[in-house]
Amino acid sequence: MKLLHLNMYKRINYIVAVIILFASVSVKAQVTSQSPYSRYGLGNVKGLLLPQFRAMGGISTAIYKPNNYYSNINMQNPASYSGITLTTVDIGMSGGFKQLKRDNLSEGSFNSTLSHIALAFPIKNGRTGLSFGLMPYTDLGYEFSNSGTLAGDTTVANRLYSGEGGLTKAYFGLGQQFGDHFRVGVNLEYVFGNLVENRALELQSVPSINTKQQDKNSVGGISFSYGAQYEIPLSAKSRITLGYSGSSPSSINSKRTFVVTQYLRQSSGDEGTAIDTPAFTENGSAKLKLPLLHNFGIAIQKDNKWLIGADFRTGNWSKLSIDGQNNGLQDSWGASIGGQLTPDMTSIGSYFNRVDYRLGFTYDKTYIQVKNQDIKQMAVTFGLGLPLAFNRFAFHKLNLTTELGRRGTLTNGLVQENYINIHLGFTLNDTWFRRFKFD
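Structure below.
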């Protein structure tokens, strides 16, 4: 008699509960970063990368199967789903230390959040795989002020700026292999979240009624990404993989709420209750037009031993618009290099021989330009893939990644961000749909 593995249902119920929890956290506007540069465009763009890929500088476009013992979910290129050999669950979190510098001033902050949940399943004799999950897409978080006189007046005013929120991607993808060396894949993505920005004007010299504007975009709509990979065998256990992935220039619905309020500042320094609302527009129809993105990659590997690769990417961000406005964004480009080394994956005598050691470097000319100065970003990345308890039916791994990076410049009075990001992910590989036989 054949019986389904009974624990499968408990695991599915657990994963569904985690997805619901993650989604409930994602839809709320929250501050998950402190970056003045997140006020431009959609905020800080995160990229669809799990910790194990971030540790290698973010290379992913040409990554198929880093080894044959366990599966990794590479949603950056859905063609890779065809290499999923075990039911795979990946859950993680991230945190970051950031120092903002300008002239002789500096300020530090720390933020943390749930980062991702993704699942993947092999189907159809190992040549087809599917994956779905939730990933952060962008985050928005800043708060700063400046002072100056009003035009044509000597009255000193404080201008206050703040923002919070971000966008999340829920995706469902399918990858298919054709022949021995070629595979393609596609992700159907639902982009959702809130982008909230505030601007306030407060006069210093006389008691006055202050004015605040809040612009909130509630986003929800469909987009697509796609990819392809081609393998060139070098020997029975080594190969070169070429990869391409891209995102379509989708048009997504957005509901815009615009509010202008007037208020008094309390003696405690807190903002008082609004005393008037001169302007209010709720759920006005708007469109968010996403740009066309391209990723190109190459990877060379020896199965279960080492892998090195490089990615190059471009983004047509000059075509991004929110309610018909682009806010002066420019096209972006970036490159990454990195690799992974596993001394001896089958070692019994040494645990550290079974550890994955990862290292990488990434550089981007972002879509931001301030005072005719391109805002650039670079980071050194490294990490470990730490094997946990396993048996012949299951492989579990803890992936720990650190990014040491810098964005911006001190030139022309701009802000420089120095950051340390830490990513933690649990990769669980199991055979959920295994059947047992009893006499």
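Residue 1003 in this note's numbering sits at position 153 of the sequence shown; the count goes up by one each step and never skips.
For each residue, glycine too, the CB sits at the ideal point set by N, CA and C.
Note that the structure is a prediction, hence the values are computed from the model and not measured.
Residue i: CB within 8 Å of a non-hydrogen atom of the ligand FAD
{"i": "Ile973", "result": "In terms of ligand content, the structure shown is empty, and the ligand FAD therefore cannot be addressed."}
Counterpart residues of residue i in DSSP-defined beta bridges
{"i": "Glu1121", "result": "Arg1115"}
{"i": "Trp1156", "result": "Lys1152, Leu1191"}
{"i": "Met1228", "result": "Tyr1213, Arg1256"}
{"i": "Glu1267", "result": "Leu950, Arg1257"}
{"i": "Leu1250", "result": "Leu1234, Leu1274"}
{"i": "Gln1219", "result": "Asp1224"}
{"i": "Lys1105", "result": "Ser1068, Ser1135"}
Whether residue i touches residue j by CB criterion (9 Å)
{"i": "Thr1216", "j": "Ser1182", "result": "yes"}
{"i": "Ser944", "j": "Asn1145", "result": "no"}
{"i": "Gly893", "j": "Leu990", "result": "yes"}
{"i": "Leu1274", "j": "Asn1249", "result": "yes"}
{"i": "Ser965", "j": "Gly998", "result": "no"}
{"i": "Phe1029", "j": "Thr1091", "result": "Per the sequence presented here, residue 1029 reads as Gly, with Phe not at that position. No; because the gap between Cβ atoms is not below 9 Å, this pair is not in contact."}
{"i": "Gly1233", "j": "Lys1247", "result": "no"}
{"i": "Ser1104", "j": "Ile1072", "result": "no"}
{"i": "Asn1166", "j": "Pro1141", "result": "yes"}
{"i": "Gly1035", "j": "Tyr1076", "result": "yes"}
{"i": "Ser981", "j": "Gly933", "result": "no"}
{"i": "Tyr1113", "j": "Asn1060", "result": "yes"}
Span of the beta strand (DSSP E) around residue i
{"i": "Pro986", "result": "978-999"}
{"i": "Val1034", "result": "1032-1053"}
{"i": "Thr1018", "result": "1006-1028"}
{"i": "Asn1067", "result": "1060-1083"}
{"i": "Asp1126", "result": "1126-1139"}
Simplified DSSP state of residue i, which is helix, strand or coil
{"i": "Pro1193", "result": "coil"}
{"i": "Thr1261", "result": "helix"}
{"i": "Ala968", "result": "strand"}
{"i": "Lys951", "result": "strand"}
{"i": "Pro1099", "result": "coil"}
{"i": "Ser1168", "result": "helix"}
{"i": "Gly933", "result": "helix"}
{"i": "Asn1203", "result": "helix"}
{"i": "Pro928", "result": "helix"}
{"i": "Ser921", "result": "coil"}
{"i": "Pro886", "result": "helix"}
{"i": "Ile913", "result": "coil"}
{"i": "Thr938", "result": "strand"}
{"i": "Ile1198", "result": "coil"}
{"i": "Val881", "result": "Low per-residue confidence applies at Val881: pLDDT is 48, beneath 50, and the placement is therefore not dependable, though the value from the model is reported in the following sentence. Of the three classes helix, strand and coil, the one that applies to Val881 here is coil, per DSSP."}
{"i": "Ala1086", "result": "coil"}
{"i": "Thr1281", "result": "coil"}
{"i": "Gln1180", "result": "coil"}
{"i": "Gly958", "result": "strand"}
{"i": "Leu892", "result": "coil"}
Residue span of the alpha helix (DSSP H) that contains residue i, given as start and end
{"i": "Pro901", "result": "901-904"}
| For the region 1041-1051 against the region 942-954, are there 3 or more C-beta pairs whose distance is under 8 Å? | Counting Cβ pairs under 8 Å, fewer than three are found: no touch.
| query | Is the number of C-beta pairs between the region 1198-1213 and the region 1146-1156 that are closer than 8 Å three or more? | reply | No contact exists between the region 1198-1213 and the region 1146-1156.
| request: Could you tell me whether the region 1100-1111 touches the region 1127-1140, using the rule of 3 or more Cβ pairs below 8 Å? | output: Flag = yes, the region 1100-1111 and the region 1127-1140 touch.
| query | Are there three or more Cβ pairs, one per stretch, closer than 8 Å when the region 905-923 is compared with the region 1161-1176? | reply | Output reads yes: the region 1161-1176 touches the region 905-923.
| message | Three Cβ pairs or more, each shorter than 8 Å: is that satisfied between the region 1215-1232 and the region 929-943? | response | Per the Cβ contact rule, the region 1215-1232 is not in contact with the region 929-943 (fewer than 3 Cβ pairs under 8 Å).
| query | Are three or more beta carbon pairs between the region 1266-1284 and the region 1244-1258 nearer than 8 Å? | reply | The count of Cβ pairs closer than 8 Å, one atom from the region 1266-1284 and one from the region 1244-1258, reaches three, so the stretches are in contact.
| said: Would the region 986-995 count as touching the region 1013-1024 if we require 3 or more Cβ pairs under 8 Å? | reply: Short answer: they touch.
| request: Flag this pair as touching only if the region 1003-1011 and the region 957-970 have three or more C-beta atom pairs under 8 Å; answer yes or no. | output: With a cut-off of 8 Å, the region 957-970 and the region 1003-1011 do not count as touching, because too few Cβ pairs lie within range.
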